[in-house]
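A short worksheet on the structure shown next.
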Amino acid sequence: MLAPSALAIPEHLTPHDLVTYFRCPHEMELVHALHTQRLTGVLGPVRTPLDVIPLHQSPLFSPPLGEIVVNEGRLDLFDDDDRLVYEDPEEDDLPVLFPPERVQMDPRFAGGHSTFVDVSWGLAGRPDLVVRRADGSLFPLEYKETHLFGGYHQAHGRLFDTIQAIAECRLVEATFGQRPAFGVVYYGDESGGGVHEGWVQIPYAEPEQRWLKLAMDQIRQDRTRAPVPALRNCGSCEPNADGHCRFAAARYEGPHHRAAFLASRRP
Ligand code: SF4
């Protein structure tokens with residue numbers, strides 16, 4: 039008699055994986071391998087073949103962008119009855135957006151549980167903040183210390199933030215059992231003193247949810263995880279900092295290289 043076959047467990051992914059894959063699939067592969075090394079002392083498997091042909095851009099298609107709302111200026115929370123119900127405890131440089139009387143941490147995150155886990159989709163991660171509005175609706179908020187880029191819909195790299203916001207909406211949906219209508223990315227412009235502060239509202243409806251599911255399927259089915267060597271990618275690629283990539287097109291210049299590179303090309 040044949041033993042019952044075990045259900046295949048889908049590859050675990052995070053919002054950061056989606057962002058990294060959208061930049062360079064090989065970078066995502068190396069990040070996973072190095073994570074395994076930190077846990078076990080042994081470098082994890084890397085599926086990229088040695089004779090892979092590098093790509094000019096990631097094979098991941100863009101998320102829907104048509105309904106995004108871009109707002110210049112400070113993010114004023116929408117209503118006096120809005121409440122902060124989650125804050126990532128591992129981020130210690132988040133802006134204080136709520137006075138203490140409007141902070142009501144959700145009991146799901148008591149006892150040190152801070153990671154959102156979507157078991158059915160195999161997705162896990164932590165938004166920076168989650169806000170519950172007066173009408174009971176929820177939205178995740180991601181804080182970026184950089185400035186709001188001019189021409190958000192142009193090729194300036196903020197697609198990465200859109201992807202992160204969509205994935206975090208899914209995590210909120212899976213954790214709280216209700217779908218956020220949107221996620222927010224807030225650009226604090228720390229180095230500019232807030233002069234170019236702004237925030238972007240990214241919808242989360244059927245098209246975005248469908249895109250996310252297809253994107254995760256595509257990543258899991260990719261047996262090559264090809265490199266995308268480019269100055270804009272390799273200068274801020276952390277595996278490249280330690281010399282782990284044999285395809286690198288540039289030296290590692292630090293975590294903020296990409297934002298600086300893109301800002302230098304801003305029209
Ligand atoms: S160094 Fe460049 S090509 Fe290599 S993994 Fe990093 S981003 Fe990809």
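Just so we're aligned, residue 39 is where the sequence shown starts under my numbering, counting upward by one. Here a beta-carbon is modelled for each residue, glycine too, at the ideal position from N, C-alpha and C.
CB-CB under 8 Å to Ser175, same chain, minus the five flanking residues each way: which ones, in chain order?
What you label residue 175 is simply residue 137 of the sequence shown in a count that begins at 1. Correct list, in chain order: Gln216, Pro218, Ala219.
Beta-carbon proximity check, Gln239 vs Ile106, cutoff 8 Å
Within the sequence shown, the letter at position 201 stands for residue 239. Within the sequence shown, the letter at position 68 stands for residue 106. Yes, the Cβ-Cβ distance between Gln239 and Ile106 is below 8 Å.
Limits of the unbroken alpha helix (DSSP H) element including Leu252
On the sequence shown, residue 252 is found 214 positions in, with the first residue counted as 1. Taken as a continuous stretch (DSSP letters only), the alpha helix (DSSP H) holding Leu252 covers 244 to 259.
Assign Asp114 to buried or exposed, taking buried as 16 or more other Cβ atoms, counted over all protein chains shown, within 10 Å of its Cβ.
Here residue 114 is taken as the residue at index 76 of the sequence shown, counted from 1. Classification for Asp114: exposed.
Pro293, DSSP secondary structure in three states
For the purposes of this step, residue 293 is taken as residue 255 along the sequence shown, with counting starting at 1. Here Pro293 sits in coil by DSSP.
Roughly how many whole angstroms lie between the Cα atoms of Leu103 and Ala287?
As a first step, residue 103 is located in the sequence shown; it is residue number 65 there, counting from the start. As a first step, residue 287 is located in the sequence shown; it is residue number 249 there, counting from the start. Straight-line Cα distance between these residues: approximately 29 Å.
Applying the criterion that 16 or more other CB atoms from any shown protein chain within 10 Å of the CB defines a buried residue, is Gly226 buried or exposed?
Here the question's residue 226 lines up with position 188 in the sequence shown. Classification for Gly226: buried.
Any idea which residues DSSP pairs Ala268 with across the strands?
In the sequence shown, counting from the first residue as 1, residue 268 sits at position 230. According to DSSP, Ala268 bridges with nothing at all.
For Asn271, I'd like the list of residues in its chain whose CB is within less than 6 Å of its CB, leaving aside the five on either flank, ordered along the chain.
Numbered from its first residue, the sequence shown carries residue 271 at position 233. Once the five neighbours on either side are set aside, the close Cβ partners of Asn271 are Arg61, Cys62.
Would Glu180 and Val223 be called neighbours here (beta carbons separated by less than 8 Å)?
Stepping through the sequence shown from its first residue, residue 180 is reached at position 142. Stepping through the sequence shown from its first residue, residue 223 is reached at position 185. Taking 8 Å as the Cβ cut-off, Glu180 and Val223 qualify as a contacting pair.
Run the CB neighbour count on Val123, radius 10 Å, all protein chains shown included, and call it buried at 16 or more, exposed below.
Taking the first residue of the sequence shown as 1, we reach residue 123 at position 85. Here Val123 is buried. Its C-beta has 16 or more other C-beta atoms within 10 Å.
Do Leu167 and Glu235 have their C-beta atoms closer together than 8 Å?
Within the sequence shown, numbered from 1, the residue matching residue 167 stands at position 129. Within the sequence shown, numbered from 1, the residue matching residue 235 stands at position 197. Contact flag unset, no.
Using the three-state DSSP reduction, which class does Asp156 fall into: helix, strand or coil?
Position 118 of the sequence shown, counted from the first residue, corresponds to residue 156. Strand.
Can you name the residues that DSSP bridges to Asn109?
The residue given as residue 109 occupies position 71 in the sequence shown. Answer is Trp237, bridged to Asn109.
DSSP three-state assignment for Ala193, whether helix, strand or coil:
Here residue 193 is taken as the residue at index 155 of the sequence shown, counted from 1. Legend: pLDDT at Ala193 = 44, less than 50; position of this residue unreliable, value from coordinates given subsequently. In the structure shown, Ala193 sits in coil (DSSP, three-state: anything other than H, G, I, E or B).
May I ask whether a heavy atom of the ligand SF4 can be found less than 7 Å away from the beta carbon of Glu291?
Indexing the sequence shown from 1 puts residue 291 at position 253. Answer for Glu291: no, Cβ out of range of the ligand SF4.
I'd like to confirm something about Pro267: is its beta-carbon nearer than 7 Å to some heavy atom of the ligand SF4, or not?
Locating residue 267 in the sequence shown gives position 229, where the first residue counts as 1. Yes, Cβ of Pro267 sits closer than 7 Å to a heavy atom of the ligand SF4.
How many angstroms separate the CA atom of His282 from the CA atom of Gly150?
Here residue 282 refers to the residue found at position 244 of the sequence shown. Here residue 150 refers to the residue found at position 112 of the sequence shown. Distance between the alpha carbons of His282 and Gly150: 34 Å.
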